[in-house]
Structures are given as structure tokens and as C-alpha cells.
Amino acid sequence: MFDARLRPLIDPPLDAIGRRLARIGMSADGMTMLGFAFGLAAALSIANGYFLAGLVLLAINRFADGLDGAVARATGRTDRGGYLDIVLDFFIYGAIPFAFAVADPARNALPAAALLLAFYANGSAFLAFAVYAQKRGLETRAQGAKSLYFLGGLAEGAETILAFALMCLLPEAFPLIALLFAVICGLSAAARVTLATRMLRSPD
Numbered sequence: 001m002f003d004a005r006l007r008p009l010i011d012p013p014l015d016a017i018g019r020r021l022a023r024i025g026m027s028a029d030g031m032t033m034l035g036f037a038f039g040l041a042a043a044l045s046i047a048n049g050y051f052l053a054g055l056v057l058l059a060i061n062r063f064a065d066g067l068d069g070a071v072a073r074a075t076g077r078t079d080r081g082g083y084l085d086i087v088l089d090f091f092i093y094g095a096i097p098f099a100f101a102v103a104d105p106a107r108n109a110l111p112a113a114a115l116l117l118a119f120y121a122n123g124s125a126f127l128a129f130a131v132y133a134q135k136r137g138l139e140t141r142a143q144g145a146k147s148l149y150f151l152g153g154l155a156e157g158a159e160t161i162l163a164f165a166l167m168c169l170l171p172e173a174f175p176l177i178a179l180l181f182a183v184i185c186g187l188s189a190a191a192r193v194t195l196a197t198r199m200l201r202s203p204d
């Protein structure tokens with residue numbers, strides 16, 4: 001919901017850093033993999049009860065996720081880079097709730113499962129539409145220059161990171177935060193399906 005509003009604010013400084021990184025030889029794919037490593041470290045920290053360390057590592061993961069796109073814009077975007085970016089993002093988005101479930105299965109397993117179900121619904125509505133948007137030649141730059149069509153929703157990257165941050169800062173409130181965010185993601189999925197079916201109503 002907030003991603004489109006944040007892009008004009010965060011893209012210029014990220015692009016400046018991305019150009020510097022490109023000049024010293026950093027590749028976009030290398031930045032993606034580095035960010036992924038930090039994301040895995042965040043999940044591992046959370047699973048072992050080190051929630052603040054997990055939050056710091058997750059913040060680095062998200063910063064790297066912004067920088068990989070900036071480096072790609074400086075050096076030239078590729079399909080492989082776009083693929084790795086979205087797939088590894090989804091991997092980390094799933095790993096964080098799972099890590100909370102591992103940290104305290106008795107309290108967190110069911111809320112984490114509900115959130116993962118909502119992520120699954122929201123993500124499938126988003127990714128499936130991107131396939132047909134590509135087929136029809138639809139484009140949008142509302143979320144910045146992307147490798148696929150980003151269909152907006154109530155729960156996007158900024159909202160997800162905010163929810164994860166609250167979970168790390170208030171781990172005892174994870175069940176409530178997870179269930180509330182699962183509802184938001186479910187509503188986002190329903191809105192995306194409704195919008196997508198309207199946009200795809202006409203023949204190719």
C-alpha cells in the first residue's frame with residue numbers, strides 16, 4: 001500500500017549507492033545473494049531467540065534488496081536477476097514466520113501457519129497476474145522499474161517489513177501481530193483477485 005509512495009523517496013539515494021557499487025565491480029546478482037545470506041541469518045537468529053539481532057540482520061537484508069535493483073539499473077537488468085530477486089524475497093518472507101514458530105512452537109505455530117497461508121494466497125494472486133500482464137503487454141512503474149508487473153495491494157513490502165519489525169521488537173506479541181497481518185494479507189489477496197479478474201475480463 002505504501003510502496004508506491006516510498007519509491008520516489010528511497011530510489012534516488014539507492015541509485016546513487018548502486019552506481020558506486022557497480023563501478024567497483026559489484027553485480028546485481030551478487031548483491032541479491034548477499035542479501036539472501038543476511039535474510040537466512042535473520043531467520044536463524046529469530047529461531048534461536050535472538051530477536052533484536054534478527055531485526056538488524058533483516059534490516060540489512062532489506063537494504064541489500066533495495067541495492068540489488070539499484071545496481072541492476074546501473075549495469076543493465078536481466079531476467080535471471082529479476083527471477084532471483086523475487087524468488088529469494090519470497091523465501092525470506094516465508095522463513096521469518098517459520099523462525100518464530102521454531103522459537104516457540106506452542107504459542108507461535110498456529111499464528112505462523114495462518115500468516116504463511118495468507119502469504120501464499122497474496123503471493124499467488126500477485127505472481128499469477130504478472131504472468132498474464134506480461135502476456136498482454138501490460139506495464140506499470142508505480143512501484144519503480146521492475147522485472148514484472150507489480151499489482152498493488154494492502155500488504156506489500158513496506159507493510160510486511162513493518163510487521164516483521166514489530167514481531168522482533170515485541171516477540172511475546174507475535175501471535176496477535178501474525179494473526180492481524182494474516183487478515184490484512186487475506187484482504188489484500190481478495191482485492192488483488194478482484195482487480196485482476198476485472199483487468200483480464202476482456203479477451204487477449
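The opening residue of the sequence shown carries number 1 in the UniProt record's numbering; numbering runs sequentially from there.
All C-beta atoms, glycine included, are put in the ideal place defined by N, C-alpha and C.
For residue 82, the uninterrupted alpha helix (DSSP H) segment begins and ends at 79-103.
Look at residue 156 here: in three-state DSSP terms it is coil, with no helix or strand label.
DSSP places residue 72 in the uninterrupted alpha helix (DSSP H) bounded by 51-75. A Cβ-Cβ contact shorter than 8 Å links residue 28 with residue 71. Judged by their CB atoms, residue 125 and residue 192 are nearer to each other than the 8 Å cut-off. Note that the C-beta distance between residue 31 and residue 55 is not below 8 Å.
Listed in chain order, the non-local C-beta contacts of residue 48 below 8 Å within the same chain comprise 103, local neighbours out to five positions each way being set aside. The alpha-carbon of residue 20 is positioned some 15 Å away from that of residue 63. Residue 174 is classed as buried because its beta carbon has at least 16 other beta carbons within 10 Å across all chains shown. Residue 75 holds the alpha-carbon nearest to the alpha-carbon of residue 24 among 136, 107, 75. Only residues of its own chain outside the window of five on either side were considered, and among them 90 have a CB closer than 7 Å to the CB of residue 123, listed in chain order. Its Cα nearest to that of residue 159, the residue 181 stands out among 105, 181, 170, 98.
With contacts defined by Cβ atoms closer than 8 Å, residue 177 and residue 195 do not form a contacting pair. Here DSSP, grouped into helix, strand and coil, assigns residue 170 to coil. Here residue 60 has 38 as same chain residues with Cβ atoms under 7 Å from its own Cβ, once five neighbours each way along the sequence are excluded. Under the three-state reduction of DSSP, residue 200 is assigned to coil, being neither helix nor strand. Nearest C-alpha to residue 84 among 36, 183, 94: 36. Less than 8 Å separates the beta-carbon of residue 112 from that of residue 98. In the three-state scheme derived from DSSP, where H, G and I count as helix and E and B as strand, residue 31 is classed as helix.
The residue among 10, 179, 169 with its C-alpha nearest the C-alpha of residue 46 is 169.
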